[in-house]
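Okay, so the sequence shown: first residue is 46 according to the numbering used here, each after it adds one. Here a beta-carbon is modelled for each residue, glycine too, at the ideal position from N, C-alpha and C.
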Amino acid sequence: MLCVGCGGGCGVLLMGRLVVDGGAEWTIERGFRLRRGDIITIPIQAVNRCKEIWGEDAKEFRPDRWLKPPEAAQAIPSLYSNTLTFLNGAPTGGNGHRACIGYKFALSEIKIFLYVLLRDIEFTLDDDVVIEKRVNVVTRPFVKSAPGSGNQMPLRIRVVPEDEDQLD
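Pasting the structure below:
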């Protein structure tokens, strides 16, 4: 069962098995028809922003909400934290034959790397540089004064001295 969250509202399209008619038209078990050339868009920017599932502040960036997801969000089948893992082509919502058996180990490594990086290095934006977003499937930053230079996110990086890393 593939579960696709709809970005425009709170509807969730559950896609069971895909029935191929042998021609140029496909019928999804619940009656939706797809024809050769139809474009299917996954609104990645709108994922996890449904107020009915995530609450009134669903559009605010609050990563702590994933520490204890609401009951409605836990019902959405996914490999890990409802983070688009259904995109791996598996028919079971991300838990299928293409799911990585080492994903928890990889996530642990990423978390440790990020912890060390964020503990030891301070990242700031240059006040003279204006960053804007460019949306083309995924959102990417670019410098407003140099849009032809491609995607960029210039940061000032400073090593935090050891005595500053103690939490108050």
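Alpha helix (DSSP H) segment containing residue i, residue limits
i      : result
Phe150 : Tyr148 to Asp165
Glu97  : Lys96 to Trp99
Ala118 : Glu116 to Gln119
Selected residue, minimal CA-CA separation from residue i, among the options
i      : options                           : result
Ile202 : Asn196, Arg110 and Leu162         : Leu162
Lys189 : Glu207, Gly100, Val175 and Gln197 : Val175
Ile166 : Glu177, Asp208, Gly147 and Tyr148 : Asp208
Leu170 : Leu200, Glu101 and Val180         : Leu200
Glu105 : Lys113, Cys95 and Leu112          : Cys95
Glu116 : Glu97, Tyr148, Ile155 and Asp109  : Glu97
Arg179 : Asp173, Pro108 and Ala191         : Ala191
CB-CB length for residue i against residue j, believed under 8 Å
i      : j      : result
Gln197 : Pro186 : 7 Å
Limits of the unbroken beta strand (DSSP E) element including residue i
i      : result
Glu177 : Ile176 to Asn181
Val204 : Arg201 to Val204
CA-to-CA distance, residue j to residue i, given in whole angstroms
i      : j      : result
Val182 : Gly195 : 15 Å
Val204 : Tyr160 : 14 Å
Lys149 : Asp83  : 36 Å
Gly193 : Gln119 : 42 Å
Pro114 : Glu101 : 14 Å
Trp111 : Leu152 : 15 Å
Asn93  : Thr184 : 16 Å
Glu177 : Ala91  : 18 Å
Asp109 : Ile157 : 17 Å
Asp172 : Arg107 : 25 Å
Cys55  : Ala103 : Here the model assigns Cys55 a pLDDT of 41, short of 50, so the residue's position is not dependable and the matter cannot be decided.
Phe168 : Arg80  : 48 Å
Arg164 : Gly147 : 26 Å
Glu154 : Trp99  : 28 Å
According to DSSP, residues forming a beta bridge with residue i
i      : result
Pro186 : Lys178
Phe106 : DSSP, once it has assigned bridges, lists no residue as partnering Phe106.
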